[in-house]
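Numbering (my numbering), first residue to last: 21 to 614.
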Amino acid sequence: LAAWDSKDNKWFALQPDLTIHHDEWMHWTGGSMTWNNMCADCHSTNLRKNFDTVTDTYHTTYSIINVSCEACHGPSSEHIAFYENREEYEGQKPPELYMGKVVAPKEIVQKCARCHSRRSQLTDYFDYEGHFLDHYNPSLIVDPVYQLDGQINDEDYVYGSFVQSKMYRNGVSCKDCHDMHSLKLKKEGNNLCLSCHEPKYNEYEHHFHKANTEASLCINCHMPGKYYMGNDFRRDHSFRVPRPDQTVIYNTPNACNGCHTDKSAQWVSNFINEKYGDKRPEHFSDNLLAGYHGNTDAFYKVFSQYNYPEIIRATALEAYTNTQLSSEQINVMLRFVNDSSALVRSQTILALDKLNQYDFSENIKPLLTDSIRWVRINAARYLSMRNISIDENQSFKKAHHEYLDMLKVNADFASGQHQIALFEQAKGNTDAAINAYKKAIKIDNYYNMSRLNLALLEYTRGNSNEAEKLYSKVIEQEPDYSYPYFMLGLLYNEKGNTDESLKYLELATQKQPVIERAFYNYALKLQEKELFEKSIIVTNKILETNHLNEEFLYVRLIGELNTNKKNDALITCKKLLEINPQNTNYKLIQAKLQ
21 LAAWDSKDNK WFALQPDLTI HHDEWMHWTG GSMTWNNMCA DCHSTNLRKN
71 FDTVTDTYHT TYSIINVSCE ACHGPSSEHI AFYENREEYE GQKPPELYMG
121 KVVAPKEIVQ KCARCHSRRS QLTDYFDYEG HFLDHYNPSL IVDPVYQLDG
171 QINDEDYVYG SFVQSKMYRN GVSCKDCHDM HSLKLKKEGN NLCLSCHEPK
221 YNEYEHHFHK ANTEASLCIN CHMPGKYYMG NDFRRDHSFR VPRPDQTVIY
271 NTPNACNGCH TDKSAQWVSN FINEKYGDKR PEHFSDNLLA GYHGNTDAFY
321 KVFSQYNYPE IIRATALEAY TNTQLSSEQI NVMLRFVNDS SALVRSQTIL
371 ALDKLNQYDF SENIKPLLTD SIRWVRINAA RYLSMRNISI DENQSFKKAH
421 HEYLDMLKVN ADFASGQHQI ALFEQAKGNT DAAINAYKKA IKIDNYYNMS
471 RLNLALLEYT RGNSNEAEKL YSKVIEQEPD YSYPYFMLGL LYNEKGNTDE
521 SLKYLELATQ KQPVIERAFY NYALKLQEKE LFEKSIIVTN KILETNHLNE
571 EFLYVRLIGE LNTNKKNDAL ITCKKLLEIN PQNTNYKLIQ AKLQ
């Protein structure tokens, strides 16, 4: 896809590093280039998308085609008309104008975030009222939008970065650096930063680079950037201190190596340690990265720290529930439904929704009357997916209506159709769910989340051949993704095709992400074929990271018993008895081995 560069007067490629096929959502004929849902909400004034879910057509309206004064300040024409014709509006309040001279810093950021954020819509149009989360749901700090430590990766449009920063926490807003009308910086170079920061930060003793060079600019160390859409250079607004020490451990990017490409991260880390010492001030990224690399407790440290950015706390909650949690950990997490942060409250509901074996309805019902729409929507969704009756609950009716409105607003996205399908599936409307999953795939042929759910639905309806085709299509498009291999392995097992089942279960254990049940099922199938030695190897792989899993230990024990590895079997049996000391079968096996 090409675009015209109005500064350099030349054509350029928008995605020069991508090969985009005609059936992809990113193709110029696909949904990503639809003005009505991808551009207009931020680039026009008073937009009403008006998507017709029946005909799949738009009836979009707007007051002004581009971003005008009224896009930020509200309908000033109505305000003027009121004062010019007071007699016609007798007894009425004047239409309100917004974003005046005196606006609280956080409110400014919220209003700018409407367009300067990676987010999805909750309402059909923006009415200037309420909180940012009454109209939009911002992306959390997750891959691929962000690096695992919170630095930018994909297009984040500033908000998600800025609210991570100390500047935001200390009352800095967009207007402190940017002229709100010309959009230009208020001062050039380091003079802008020195408007607030002490002069010592502009000295060699701080940055260790030659003065008045690109290397001595504050932004090149604390706001590294990337090119997006071919020629648009955008800077990271989280204003963070470079951390080459994290690069050494976790391979995250750092600003120093962005310039010093001929040096290793260890070299840069040693340089920083030499100049500043080897102790770094506490930063949420230390715990966030530790959590992503196996330390589950580190996630808890993040979302339980009230002085950490809300968006980071919500992100840690999301990651926390992707791990194995004990009942005690779940009970601790449950208290965050009453957190002071609306984003954390919302994410707590979404996190609890993943724990299907529990019912938290009574804990979530009070949130149906939350002051923030995004919280109410998630509460309504949680209860709706569990078929809680709304007939006599007016609060539920109102929140449920907001939830359905959100589904309708996003029905022109594959993700929106996927959410509709989940809703219909929960209600037992299988045909409607299948139709929505198919619509999602039609919108985006690579939206495999819907393809996988559709495959499972088709299988449960007895259409195993159709399910097989759908899983195979996912493998064709995402050959390194473990889940479709695992599901095909199970499907072939149900069909009685042992060889194909073994083949795909083995492949599932070789792909990412790691699916523990794939190892378990694969080991069982190997034992069915009396391949006990290989089953031990398979179970040992998963026991490296989950060494107290009773099911895996028992499968290994069966393998060891059938290969006459008595000493190994005795060790395994003792571990099983440590986990489950009352198990009669384990006691009998131990007695025979001793």
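Ideal Cβ placement from N, Cα and C applies to all residues, glycine included.
Rounded to whole angstroms, what's the CA-CA distance from residue i to residue j? Just pull it up for me.
{"i": "S492", "j": "P504", "result": "7 angstroms"}
{"i": "F443", "j": "N485", "result": "25 angstroms"}
{"i": "N430", "j": "K447", "result": "20 angstroms"}
{"i": "K417", "j": "Y423", "result": "10 angstroms"}
{"i": "G51", "j": "Q35", "result": "16 angstroms"}
{"i": "Y78", "j": "W55", "result": "10 angstroms"}
{"i": "L511", "j": "G579", "result": "24 angstroms"}
{"i": "S305", "j": "S181", "result": "13 angstroms"}
{"i": "D72", "j": "M249", "result": "30 angstroms"}
{"i": "P115", "j": "F102", "result": "7 angstroms"}
{"i": "H99", "j": "I269", "result": "58 angstroms"}
{"i": "T537", "j": "H136", "result": "The sequence shown places Arg at residue 537, rather than the Thr named in the question. About 41 angstroms."}
{"i": "Q439", "j": "M426", "result": "10 angstroms"}
{"i": "R355", "j": "E548", "result": "46 angstroms"}
{"i": "W24", "j": "W48", "result": "15 angstroms"}
{"i": "E571", "j": "Q344", "result": "15 angstroms"}
{"i": "Y402", "j": "C238", "result": "46 angstroms"}
{"i": "L8", "j": "Q602", "result": "Only positions 21 to 614 of the chain appear in this structure, which leaves residue 8 out of reach."}
{"i": "S96", "j": "T81", "result": "18 angstroms"}
{"i": "V364", "j": "Q286", "result": "36 angstroms"}
{"i": "G170", "j": "N222", "result": "26 angstroms"}
{"i": "Y467", "j": "A434", "result": "7 angstroms"}
In the structure shown, what three-state DSSP assignment does residue i receive?
{"i": "S140", "result": "strand"}
{"i": "K374", "result": "coil"}
{"i": "R300", "result": "coil"}
{"i": "Y177", "result": "coil"}
{"i": "D425", "result": "helix"}
{"i": "P95", "result": "coil"}
{"i": "H313", "result": "coil"}
{"i": "D72", "result": "strand"}
{"i": "I172", "result": "strand"}
{"i": "L205", "result": "strand"}
{"i": "N542", "result": "Correcting the residue identity first, residue 542 is Tyr in this sequence and not Asn. Helix at Y542."}
{"i": "A362", "result": "helix"}
{"i": "V129", "result": "helix"}
{"i": "K509", "result": "It should be pointed out that residue 509 corresponds to Gly in this sequence rather than to Lys. Helix."}
{"i": "D282", "result": "coil"}
{"i": "L551", "result": "coil"}
Comparing alpha-carbon positions, which option in the options lies nearest residue i?
{"i": "L613", "options": "I599, N600, P601, C593", "result": "C593"}
{"i": "E553", "options": "E127, L577, R471", "result": "L577"}
{"i": "N293", "options": "C279, P264, Y542", "result": "P264"}
{"i": "T529", "options": "D519, N541, E520", "result": "N541"}
{"i": "Y312", "options": "K207, N342, L142, D174", "result": "N342"}
{"i": "E302", "options": "C279, S289, Y328, G314", "result": "Y328"}
{"i": "S7", "options": "S391, Q377, L370", "result": "Because residue 7 is not part of the residues shown, which for the chain are 21 to 614, the question remains open."}
{"i": "D147", "options": "K207, R68, V129", "result": "R68"}
{"i": "P262", "options": "H280, K545, N251", "result": "H280"}
{"i": "D176", "options": "Y326, N190, S159, V192", "result": "S159"}
{"i": "I332", "options": "S236, Y501, Q184, R254", "result": "Q184"}
Locate the alpha helix (DSSP H) running through residue i, then write down its first and last residues.
{"i": "G482", "result": "Note, G482: premise wrong, no alpha helix (DSSP H); not H, not E."}
{"i": "N398", "result": "393 to 404"}
{"i": "M119", "result": "Premise fails: M119 is in no alpha helix (DSSP H) and is neither H nor E."}
{"i": "W48", "result": "Unbroken run through W48: none, as it is neither H nor E."}
{"i": "S347", "result": "347 to 354"}
{"i": "V268", "result": "264 to 270"}
{"i": "K607", "result": "604 to 613"}
{"i": "G579", "result": "570 to 582"}
{"i": "Y436", "result": "Note that residue 436 is Gly in the sequence shown, not Tyr. G436 -> alpha helix (DSSP H) spans 434 to 446."}
{"i": "M187", "result": "186 to 189"}
{"i": "D451", "result": "450 to 463"}
{"i": "G250", "result": "Run containing G250: none; DSSP gives neither H nor E here."}
{"i": "G618", "result": "Residue numbering for the chain in the displayed model covers 21 to 614; residue 618 lies beyond these limits and cannot be assessed."}
Can you tell me which residues form a DSSP beta bridge with residue i?
{"i": "Y245", "result": "Here residue 245 is Gly; the residue named in the question, Tyr, does not match the sequence. For G245, which the question treats as bridged, DSSP gives the partners R255."}
{"i": "F32", "result": "A23"}
{"i": "N587", "result": "Per DSSP, none; premise fails for N587."}
{"i": "I332", "result": "Answer is none; I332 lacks a bridge partner."}
{"i": "N157", "result": "S140"}
{"i": "T65", "result": "I84"}
{"i": "Q532", "result": "Y501"}
{"i": "Y78", "result": "F71"}
{"i": "Y166", "result": "I172"}
{"i": "H198", "result": "L205"}
Hey, could you find the ends of the beta strand (DSSP E) residue i is sitting in?
{"i": "F152", "result": "From DSSP, F152 is part of no beta strand (DSSP E); its letter is neither H nor E."}
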